[in-house]
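Contents: one structure, followed by commentary.
2 protein chains.
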Amino acid sequence: MASVEKASDEATYVNPKKFKSSNEEPKESKKYSVHESLKDLSKFQLKRVLNNNAQKKLLCVEGTFADHDGAAIVLLEKKAFVEEKLDEHLFNESSKLSKEFENDVYGNYNCFPSIEHNSIKTTIIHPAMEKHIAKFENQPIHIVEETPKLYEEITLPHLKKEQFSLQWVYNILEHKAEKERIVFEDPDPKTGFVLIPDLKWDGSLETLYLLAIPMLKGIKSIRDLDQSHLPLLKNIRDAGTKAISKKYSGLPASQLRIYFHYQPSFYHLHIHFTYLKYDAPGIFTEKAHLLSTVINNIELMGEYYSKATLSFVVKESETLFSKYQAHGVLSSQSVEKK
Amino acid sequence: MASVEKASDEATYVNPKKFKSSNEEPKESKKYSVHESLKDLSKFQLKRVLNNNAQKKLLCVEGTFADHDGAAIVLLEKKAFVEEKLDEHLFNESSKLSKEFENDVYGNYNCFPSIEHNSIKTTIIHPAMEKHIAKFENQPIHIVEETPKLYEEITLPHLKKEQFSLQWVYNILEHKAEKERIVFEDPDPKTGFVLIPDLKWDGSLETLYLLAIPMLKGIKSIRDLDQSHLPLLKNIRDAGTKAISKKYSGLPASQLRIYFHYQPSFYHLHIHFTYLKYDAPGIFTEKAHLLSTVINNIELMGEYYSKATLSFVVKESETLFSKYQAHGVLSSQSVEKK
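Chains as they are written, first to last, in the UniProt record's numbering: chain A, 1 to 338; chain B, 1 to 338.
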């Protein structure tokens, strides 16, 4: 499922499968690859920084490798701390401290652990195609306030034209693929759904991530929802949380974040179930809509989602951005960082 | 302003000022402090992990220091990459690579840069009080679905009893404090507001963070909003984005995230303006409500916010959690990690 994700907030994640066996990549590119002999980063010649995420401690740069043709992307991400063997890895004499300042009971230091226990996760893409660079490049983003009129005139024609095939979704619903991964299934054609782990999920409770996919075809996104879908939505909420609690150590519904994306990454309605404490990608207010809010909005006003203004984020590099800009909705003025 | 923030998503930030000159801290504690002589982490005796944030690469542990009385908190956070001098710090022979695997153009490595250019930001609190430990301790959290009835019966009585003084807000509105920090002001008693940098903001465009505070008193949160407040909300939207664009290099409204918190950290209505690309604390869908959505909801239904079910997150350690639990709304069942 993750392989069709295009959410801007996932742009920094590396998923080799996304690009594998693309036609754009010539078979002979392999012979130029640096991967067979690379021992250190001394031969990397920096061209520019594509992205620097201070919160995730992630740096993505473009450059070349001496004696090798083609562009290269180097993606460096500081590692999370591992809770095992902390004494051996961190709390020992190798971890020298240099004091920055102290104030009352607080002391701020710089700590220098030994090299072997403070490495950096590094992904190198070489030779890198234009599409790789575009994917990782930090792009200006904008909020679009999509009125029902703008949806009809701009978004809907765009998504009808550009949307990915939904065959993989139908394969799941029809048991032609991923059948063994299904956590729960209700086959009712109107209110039924399949609950399946998202491909991003590694299986640990801390990062729990499942998707509910309705049997019913033809609901593209929350824009299409009305009071006729309340039984479906409530069934997904109730049966979904019950199935998760049963399968995953009694996890209660109140510790789940249950939400839609708007815009979604594919246009067959689906609902995300994640562990509330997990900062999953795409849970920001300009992207995620709680299932409880969606149900309540429809209960308050059956036609809510065909009348509401829905906001979402577009990158300047996306075609939807240029369509909105051509329509005069978005300012052409953009502030670039540095 | 930040000093009254209690949002769970900020619990991992260290702000020494929050605790400074507290009465709980005896003056003589200084003599037990480790800060005068600490050279490395070899004397730290780990008791338990309080928090481990894999996204921020942040580890917070409780323990003691040999030969020193009192508990200690050690907070380690991997550093963000600095874009200057990358060749000197990273792209050189010291940065040894160890290959994990390769696949087509993708290679995954472990990189071991030199010690001096790969340090960890470390904060040590010693002696640490119970309140320090409680602040950093990872707490189970739950989503409450607050109906209008639950708001009246539980949340409203709670917040009337427990809310912080709003004197500091009135001081800003009455020019008794922070007058020189005001970015924009409209003195109209009904639709006017003050726009002022949030205390968290360091002044750089990448982390832009301002607050709009209405002149009008008595609106506690979005719960209290109705159609009579539309002129106020639209004035804040229009005059606020205009003032920001004028003051900050033409930053367009479409590159701002404009939102309320629910629950807010203080109960005088206020609106957050942040740079859209900045992952500010508290922008998750279970906490942040876009101003554009709030205006649209009231336009669709004047009484929306007195009729809607509003979801928000509570920590199990909060009194509001126990009140909801005693009311039978939240399950007492909670899944602890490990």
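Backbone N, C-alpha and C fix where the C-beta goes; we use that ideal spot for every residue, glycine too.
| Query | Result |
| --- | --- |
| Bridge partner(s) assigned by DSSP for L210/B | P197/B, F273/B |
| Local Cβ density within 10 Å of T319/A, reported as buried at 16 or more and exposed below that | exposed |
| Test item: CB-CB of Y259/A and T309/B under 8 Å | no |
| Contacts of I124/A in chain B (Cβ-Cβ under 7 Å) | G107, Y109 |
| Under 7 Å from the C-beta of E145/B: neighbouring residues of chain A | S292 |
| Residue from E145/A, Y324/A, D198/A, G63/A with nearest C-alpha to H158/A | Y324/A |
| Beta carbon of D224/B nearer than 8 Å to that of E303/B | no |
| Member of L38/B, N53/B, Q45/B whose CA lies at the smallest distance from the CA of Y66/B | According to the sequence displayed, residue 66/B carries Ala and not Tyr. The candidate whose alpha carbon is nearest that of A66/B is Q45/B. |
| Closer than 7 Å at the beta carbon, the chain B residues around T241/A | Chain B residues near T241/A: none, gap ~11 Å exceeds 7 Å. |
| Within chain D, partners of K57/A - CB distance below 9 Å | Among the chains of the structure shown, chain D does not appear; the protein chains present are A and B. |
| Simplified DSSP assignment, three categories, for G63/B | strand |
| Buried versus exposed call for A253/B [16 or more other C-beta atoms within 10 Å across all chains shown] | buried |
| Check whether L97/A and L150/B have beta carbons under 8 Å apart | no |
| Outcome for A326/B when other beta-carbon atoms lying within 10 angstroms are tallied against a minimum of 16 | exposed |
| Integer-rounded CB distance, given that A288/B should sit under 8 Å from H261/B | 6 Å |
| Pair within 8 Å by beta-carbon distance, I271/A and L330/A | no |
| Contact with chain B by P113/A, beta-carbon distance below 8 Å | yes |
| C-alpha distance - I124/B paired with N108/A, whole-angstrom precision | 6 Å |
| Distance CB(V144/B)-CB(I213/B) smaller than 8 Å | no |
| Closer than 8 Å to chain B by CB, A134/A | no |
| Cβ-based neighbour list, S317/B, same chain, cut-off 6 Å, excluding 5 preceding and 5 following | Q139 |
| Limits of the beta strand (DSSP E) - the one that T241/A falls within | Segment 230–247 is the alpha helix (DSSP H) holding T241/A; no beta strand (DSSP E) there. |
| Proximity of R257/B and T241/B at Cβ, strictly below 8 Å | no |
| Cβ-Cβ separation, I295/B to K234/B (assumed contact under 8 Å), whole Å | 7 Å |
| Exposure label - S249/A; buried when at least 16 CB within 10 Å | exposed |
| Own chain, CB closer than 6 Å to residue 369/A, minus 5 neighbours either side, in chain order | Missing from the structure shown is residue 369/A; chain A here goes from 1 to 338 and no further. |
| Cut-off 6 Å between Cβ atoms - residues of its own chain near R48/A, not counting five sequence neighbours on either side | E62 |
| Close-in-space but distant-in-sequence residues of the same chain around Q263/B (CB under 6 Å, 5 per side omitted) | F312 |
| Distance between beta carbons of L195/A and Y278/A, contact taken as under 8 Å | About 17 Å separates the two Cβ atoms, so there is no contact after all. |
| Inside the stretch 109–141 of chain A only - alpha helix (DSSP H) runs reaching at least 4 residues | 130–136 |
| Chain-ordered chain A contacts of L300/B [CB-CB under 8 Å] | M301, Y304, K307, A308 |
| In chain order, each alpha helix (DSSP H) run of at least 4 residues that lies wholly inside the stretch 147–197 of chain B | 156–162, 167–173 |
| Delimiting residues of the alpha helix (DSSP H) encompassing H327/A | Here H327/A belongs to no alpha helix (DSSP H), and DSSP marks it neither H nor E. |
| Any chain B beta carbon closer than 8 Å to H327/A | no |
| Partners in chain B for P148/A, counting only beta-carbon separations shorter than 8 Å | The premise fails here: P148/A is roughly 11 Å from chain B at the closest Cβ pair, so nothing lies under 8 Å. |
| Given 8 Å, three or more beta-carbon pairs between the stretch 72–79 of chain A and the stretch 117–136 of chain A | yes |
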